[in-house]
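Step one of this worksheet: look at the structure below.
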Ligand SMILES: [Zn+2]
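Residue numbers (the working numbering): 493 to 848.
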């Protein structure tokens with residue numbers, strides 16, 4: 493490990509606080525910050541962006557499908573656009589707080605959704621993949637993870653359609669963009685930088701003229717983006733993807749202004765990248781150390797997270813702990829075996845008696 497994580501230069505905030513929900517605030521010429529409410533555990537807001545764009549406006553990210561956000565957007569349209577239309581909706585990734593209103597907005601303004609191909613597809617698939625009853629493969633996955641019979645029984649009673657309810661129907665058409673392209677927005681070419689691990693093909697947008705980066709969920713100032721294993725891809729290694737693609741931001745200027753989806757706009761991108769890398773290094777070392785004996789993933793939450801988690805947080809935490817375990821497995825530092833009940837147990841390979 494390199495220098496102590498506590499010695500890393502903290503981020504700096506040019507704005508001490510956000511404006512009220514739905515009140516656009518200019519953060520760079522022609523780039524307006526629109527904060528909207530969010531009701532997720534630990535997160536009460538999302539930052540969306542409104543960009544002046546030739547004869548109209550481009551929106552970057554849209555908010556979850558709630559009446560309140562719908563009404564707040566209508567207020568922005570009535571009071572703020574100067575009579576100009578929204579001509580394009582850009583989404584960094586498919587998560588419902590980002591793509592949730594894309595369907596409504598593109599229909600309301602008769603404009604296109606711009607997104608990477610995989611994020612659009614993932615959104616379409618997640619929306620169509622809904623069931624009255626929790627599917628057996630989903631329960632089987634959580635049985636292997638080690639959920640109790642009581643927790644599994646409670647899960648089995650729920651329906652499997654969270655995503656479809658959290659979004660307005662995802663646009664059936666997309667204007668797909670890919671890594672390395674630039675998008676002309678107003679007077680500037682914004683470069684597309686891809687990050688992976690939080691979602692499949694997360695788009696960030698960098699304006700080299702003004703040195704502004706719209707980072708979505710890929711780089712956040714205060715919390716670390718959720719990197720998790722999901723039932724749909726139980727053998728994935730998203731932490732590897734996340735850390736690999738963090739280097740896509742290494743070449744950006746030191747004085748880049750970062751516009752994240754959660755938290756406040758900030759400076760000190762490079763110290764933040766260093767912090768994120770060290771944070772994950774630390775978690776990996778803690779886990780490897782903790783798994784001296786064969787260990788269920790649920791038991792690792794007490795060392796991975798400093799406070800007690802509620803049920804929803806525990807599911808997210810478990811998925812986050814597993815992404816770290818899978819990274820260690822890919823490096824040969826952790827070995828996974830199933831116990832007699834079929835529950836996965838993880839053990840540091842250096843600690844196994846037969847490895848000595
Ligand atoms: Zn996200």
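The C-beta atom is built at its ideal place from N, Cα and C for all residues, glycine as well.
Computed from a predicted structure; not experimentally measured.
Contact check, residue i vs residue j, beta carbons under 9 Å
i, j, result
"residue 669", "residue 705", "no"
"residue 657", "residue 557", "yes"
"residue 660", "residue 614", "no"
"residue 540", "residue 554", "yes"
"residue 719", "residue 815", "yes"
"residue 789", "residue 810", "yes"
"residue 792", "residue 837", "no"
"residue 726", "residue 690", "no"
"residue 818", "residue 728", "yes"
"residue 548", "residue 578", "yes"
"residue 472", "residue 687", "In the structure as shown, the chain begins at 493 and stops at 848. Residue 472 is therefore absent and cannot be evaluated."
"residue 827", "residue 813", "no"
"residue 738", "residue 721", "no"
"residue 843", "residue 806", "no"
"residue 756", "residue 562", "no"
"residue 634", "residue 643", "yes"
"residue 521", "residue 748", "no"
Residues of its chain near residue i, where Cβ-Cβ distance is below 8 Å and the 5 sequence neighbours each way are ignored
i, result
"residue 742", "762 and 765"
"residue 493", "With a pLDDT of only 47 at residue 493, under 50, the local geometry of the prediction cannot be trusted, and no value is derived from it."
"residue 638", "788, 789, 790, 835 and 836"
"residue 611", "583, 584, 585, 586, 591, 691, 692, 693, 694 and 695"
"residue 665", "604 and 605"
"residue 723", "629, 630, 633 and 634"
"residue 622", "651, 652, 653, 655 and 656"
"residue 829", "786, 836, 837 and 839"
"residue 497", "767, 770, 771 and 774"
"residue 616", "662 and 664"
Own chain, CB closer than 6 Å to residue i, minus 5 neighbours either side, in chain order
i, result
"residue 681", "674"
"residue 795", "778 and 782"
"residue 503", "713, 758, 760 and 764"
"residue 667", "604 and 606"
"residue 517", "511 and 525"
"residue 677", "543, 545 and 550"
"residue 598", "581, 605 and 663"
"residue 618", "655"
"residue 596", "660"
"residue 505", "756 and 758"
"residue 745", "703"
"residue 767", "500"
"residue 848", "Residue placement at residue 848 cannot be trusted, given a pLDDT of 47 that sits under 50; the coordinates are not used to answer."
"residue 624", "651"
"residue 804", "533"
"residue 736", "none"
"residue 572", "516"
"residue 850", "Residue 850 lies beyond the range of the chain shown here (493 to 848); nothing can be said about it."
Those residues which DSSP pairs with residue i across a bridge
i, result
"residue 603", "Partner(s): none; residue 603 has no beta bridge."
"residue 752", "708"
"residue 697", "684 and 706"
"residue 551", "542 and 581"
"residue 535", "532"
"residue 639", "Answer is none; residue 639 lacks a bridge partner."
"residue 836", "830"
"residue 667", "606"
"residue 623", "652"
"residue 523", "520 and 543"
"residue 759", "504"
Own chain residues within Cβ distance below 7 Å of residue i, not counting five before or after
i, result
"residue 535", "754"
"residue 530", "536, 537, 538, 556 and 589"
"residue 514", "526, 528, 564, 567 and 568"
"residue 801", "793 and 809"
"residue 733", "688 and 689"
"residue 509", "none"
"residue 825", "780, 840 and 841"
"residue 576", "547, 548 and 549"
"residue 882", "Because residue 882 is not part of the residues shown, which for the chain are 493 to 848, the question remains open."
"residue 740", "685, 686 and 687"
"residue 560", "529"
"residue 523", "541, 543 and 704"
Chain D contact for residue i (CB, 9 Å cutoff)
i, result
"residue 585", "Of the chains in the structure shown, none is chain D; there is only one protein chain."
Problem set entry | Residues proximal to ligand 1 by C-beta, any heavy atom closer than 5 Å | 587 and 709
For this session: Pair every Cβ in the stretch 623-631 with every Cβ in the stretch 600-607, then say whether three or more of these pairs are closer than 8 Å.
Result: no
Exercise. Below 8 Å, can you find three or more Cβ-Cβ pairs linking the stretch 575-585 to the stretch 681-700?
Worked result: yes
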